[in-house]
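Report on the following structure.
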Amino acid sequence: MGLGIGRKLGLHWWLLLCFSVSALAADPPIYSHAKHGAIKGYDVVAYYSLQPGDDAVKGSDEFTYNWNGATWKFANAKNLALFTLNPENYAPQYGGYCSFAVAHGYVTSIRPDSWKIVNGKLYLNYSRFSFKRWEKDMNKKIAEADANWPAVLTVCEERGNCK
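Each residue of the sequence shown is one higher than the one before, counting from 54 in the working numbering.
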């Protein structure tokens with residue numbers, strides 16, 4: 054009887070170890086550049102005042118906020134204040150990873166000028182080319198990415214194609 058309990062406990066510890074290692078291997082939930090911070094240091098709040106096709110607005114080291122494991126930068130105190138009141142309202146979809154990539158089951162970096170706001174949500178893409186491909190079938194790509202997120206953060210390790 055004691056041996057059976059030991060095996061069960063051993064199995065539980067083994068499963069816990071496996072899940073812990075896989076959690077450590079996953080990409081972080083927010084795309085963050087080592088030097089520039091979340092979404093390469095661009096101001097996520099500023100996107101909501103831009104017109105389609107406008108260039109993204111670079112954040113400043115003077116206006117930063119740590120949220121969800123990443124440093125977010127803002128162009129001014131007003132945008133910083135808006136973000137701190139409701140970060141989920143401004144944070145990009147899929148942690149700021151490329152929306153097209155997430156739709157296809159992997160994660161990669163973004164180009165801050167490849168963006169679109171859809172139904173009040175910010176979507177970023179790796180390049181203008183991937184943005185155009187994403188935009189052609191946007192609703193389908195959003196649905197696919199929604200289905201893949203956040204599991205895609207660990208899938209990249211298995212496929213060996215993390216950023």
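All residues carry an ideal CB built from backbone N, CA and C; glycine is no exception.
If you're wondering where the values come from, they're calculated on a predicted model, not measured in any experiment.
Collapsed DSSP secondary structure at residue i in the structure displayed
i              : result
isoleucine 170 : strand
alanine 123    : strand
threonine 161  : coil
asparagine 201 : helix
lysine 131     : helix
lysine 111     : strand
tyrosine 101   : helix
tyrosine 118   : strand
glycine 94     : helix
serine 85      : strand
tyrosine 147   : helix
asparagine 178 : strand
Residues near residue i in its chain [Cβ-Cβ closer than 6 Å; skip 5 each side]
i             : result
cysteine 151  : Thr161, Ile163, Asn178 and Tyr179
serine 183    : Phe153
serine 85     : Ala91 and Ala123
threonine 117 : Thr124 and Lys126
proline 140   : Trp120
7 Å Cβ shell around residue i - same chain, five flanking residues per side excluded
i             : result
valine 155    : Tyr147, Ala198, Asn201, Trp202 and Val205
tyrosine 100  : Ala109, Trp168, Ile170 and Leu175
isoleucine 83 : Ala91, Asn121, Gly122, Ala123, Gly148 and Gly149
lysine 194    : Ser152, Phe153, Ala156 and Trp187
valine 98     : Phe127, Asn132, Leu135, Phe136 and Tyr143
Cβ neighbour criterion (16 or more within 10 Å) applied to residue i
i            : result
proline 145  : buried
aspartate 96 : buried
alanine 78   : With a pLDDT of 44 at alanine 78, under the threshold of 50, the modelled position of that residue is not reliable, and the figure given next carries that caveat. So alanine 78 counts as exposed.
lysine 93    : buried
leucine 138  : exposed
alanine 196  : exposed
glycine 106  : exposed
glycine 173  : exposed
Spatial neighbours of residue i in its chain, beta-carbon cut-off 8 Å, leaving aside the 5 residues before and after
i            : result
arginine 181 : Arg164, Asp166 and Ser167
Meets three-Cβ-pair contact criterion under 8 Å: the region 185–198 and the region 124–134
no
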